[in-house]
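Report on one structure; see the data block that follows.
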Amino acid sequence: MKISFPHMGYSYIAFKWLVENLGHECIVPPEPSKRTLDLGVRYSPEFACIPFKILTGTYLEVAEQGAELIITSGGMGPSRAAYYWVMHQYLLDDLGKDVEVMAFEPPLCDVKDFWKKLRRLRKTGGLSVKEFIQALKVAWTKINALDDVEILSHQVRPLEIKRGETTRHLWKALDYIDQANTIPEIIDAREEGIKLLQSTEMDMSRNPLKVGIIGEIYVVLEPAANHYLQIMLGEMGVETDRSIYLTSYTRKNTIVNLEGDIFSMAQPYLNEAPIGGHGVNSIGETVLYAQNGFDGVVQLAPFACIPEIVAKSIVPSVSRDFDIPVLTLFIDEQTGKAGIQTRLEAFIDLLERKREQKERKKIERLVI
Ligand code: SF4
Numbered sequence: 031m032k033i034s035f036p037h038m039g040y041s042y043i044a045f046k047w048l049v050e051n052l053g054h055e056c057i058v059p060p061e062p063s064k065r066t067l068d069l070g071v072r073y074s075p076e077f078a079c080i081p082f083k084i085l086t087g088t089y090l091e092v093a094e095q096g097a098e099l100i101i102t103s104g105g106m107g108p109s110r111a112a113y114y115w116v117m118h119q120y121l122l123d124d125l126g127k128d129v130e131v132m133a134f135e136p137p138l139c140d141v142k143d144f145w146k147k148l149r150r151l152r153k154t155g156g157l158s159v160k161e162f163i164q165a166l167k168v169a170w171t172k173i174n175a176l177d178d179v180e181i182l183s184h185q186v187r188p189l190e191i192k193r194g195e196t197t198r199h200l201w202k203a204l205d206y207i208d209q210a211n212t213i214p215e216i217i218d219a220r221e222e223g224i225k226l227l228q229s230t231e232m233d234m235s236r237n238p239l240k241v242g243i244i245g246e247i248y249v250v251l252e253p254a255a256n257h258y259l260q261i262m263l264g265e266m267g268v269e270t271d272r273s274i275y276l277t278s279y280t281r282k283n284t285i286v287n288l289e290g291d292i293f294s295m296a297q298p299y300l301n302e303a304p305i306g307g308h309g310v311n312s313i314g315e316t317v318l319y320a321q322n323g324f325d326g327v328v329q330l331a332p333f334a335c336i337p338e339i340v341a342k343s344i345v346p347s348v349s350r351d352f353d354i355p356v357l358t359l360f361i362d363e364q365t366g367k368a369g370i371q372t373r374l375e376a377f378i379d380l381l382e383r384k385r386e387q388k389e390r391k392k393i394e395r396l397v398i
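Using our numbering, read the sequence shown as starting at 31 and increasing by one per residue.
Given below as structure tokens:
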């Protein structure tokens, strides 16, 4: 079967390996481009949010390349995202595309359905249960390795001396992981990638501002959807920590471990969970970033995304209580890179002044 899936950051490397090693042909989704968005805007309902439109464009592009099955995620709770795969299926059918959309719902939602879909992928690929489980384990190790090198790149980039060197090293590190086929090979590739990133020429005397990135999962995870915001901030000399990684719910080694406490942190501000999407997370994560000494937070919100609009209306109280500036960027098809860059520059300026004021006050207190 020719299988494809949505493009989300660098995860396509692991999913490509998985699809191929489950005995199928992988149609690697192209990185979302202007064409992807144009297709998405043309064929999606006008009211749909930007992740839906980008996915529409991606699905049309992979259908052109012959994809027969698109695997995506469903969802539970009051989010439109849970129904998007159904809408995409209608849309593709209407356009005469012979492609099936298959959504994996969270296993707790419907265990039987989850296993039935996994079994179908295994059987059509001709794998034994043992081989299937092994392939899933290798793919998971790959996803972890991909996240590890990416996280490190966001710490190294603000210190780099030669602009762009970290990004070049990151791509090489991703390539090492892409070439690895077994768990020991992936572990070695990860080590090599980390060493390469650490070899970037750095100015260790810098003290970068720290900014947390929160918001809706797709625009946070897909750099093309947020105009490569983390790379942009890194090149402005800012260290970033993203609240969401594909492995973030099992890992403990991001700069800040945001797990567990998010909902209790959000509760004083929003006692009405769930509100869908990552709205509650955005509130709780702002509190946690403030408590972990971050200088500011950037909230990424698709235009007309209700959960993030709710969060945005509450975030000013959090910002006031914890003295942490928050910049909300609404993203839609009209958003341009230059506009985002200008707003980020102004925000970074504000954070720098705030930090200087704090330092000055500290010194004044010492003198007195
Ligand atoms: S969470 Fe927001 S962006 Fe995501 S599907 Fe729901 S409304 Fe759209």
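All residues carry an ideal CB built from backbone N, CA and C; glycine is no exception.
Contact between the stretch 323 to 340 and the stretch 236 to 243 is present, with at least three C-beta pairs closer than 8 angstroms. For Ile-181, the shortest C-beta to heavy atom distance toward the ligand SF4 is 7 angstroms or greater. A distance below 7 angstroms between beta-carbons, with the five flanking residues on each side excluded, links Trp-115 to the following residues of its chain, in chain order: Thr-102, Gly-104, Val-131, Ala-133. Counting of Cβ neighbours within 10 angstroms places Gly-306 among the buried residues, the total reaching 16 or more. Following the DSSP letters along the chain, one finds Arg-272 inside the beta strand (DSSP E) bounded by residues 268 to 272. Val-186 sits close to Leu-227, with the two beta carbons spaced by under 8 angstroms. Within the chosen limit of 7 angstroms, the ligand SF4 does not reach the beta carbon of Glu-215 with any heavy atom.
Straight across, the Cα-Cα distance linking Gln-209 with Leu-396 is about 56 angstroms.
Residue pairing by DSSP puts Ser-34 in a beta bridge opposite Ile-100.
Restricting attention to Phe-77, Glu-180, Pro-36, Leu-359, the CA atom closest to the CA of Val-58 is found in Pro-36.
A distance of 8 angstroms or more separates the beta carbons of Ala-165 and Val-129. A straight-line Cα-Cα distance of about 43 angstroms links Glu-363 and Lys-391. Within a 10 Å sphere around the beta-carbon of Thr-372 sit fewer than 16 other beta-carbons, which makes this residue exposed.
Ranking Ile-173, Phe-45, His-199 by CA distance to the CA of His-184 puts His-199 first. For Met-262, the enclosing alpha helix (DSSP H) begins and ends at 259 to 265.
Classified as buried, Arg-110 has 16 or more neighbouring CB atoms from the shown chains inside 10 Å of its CB.
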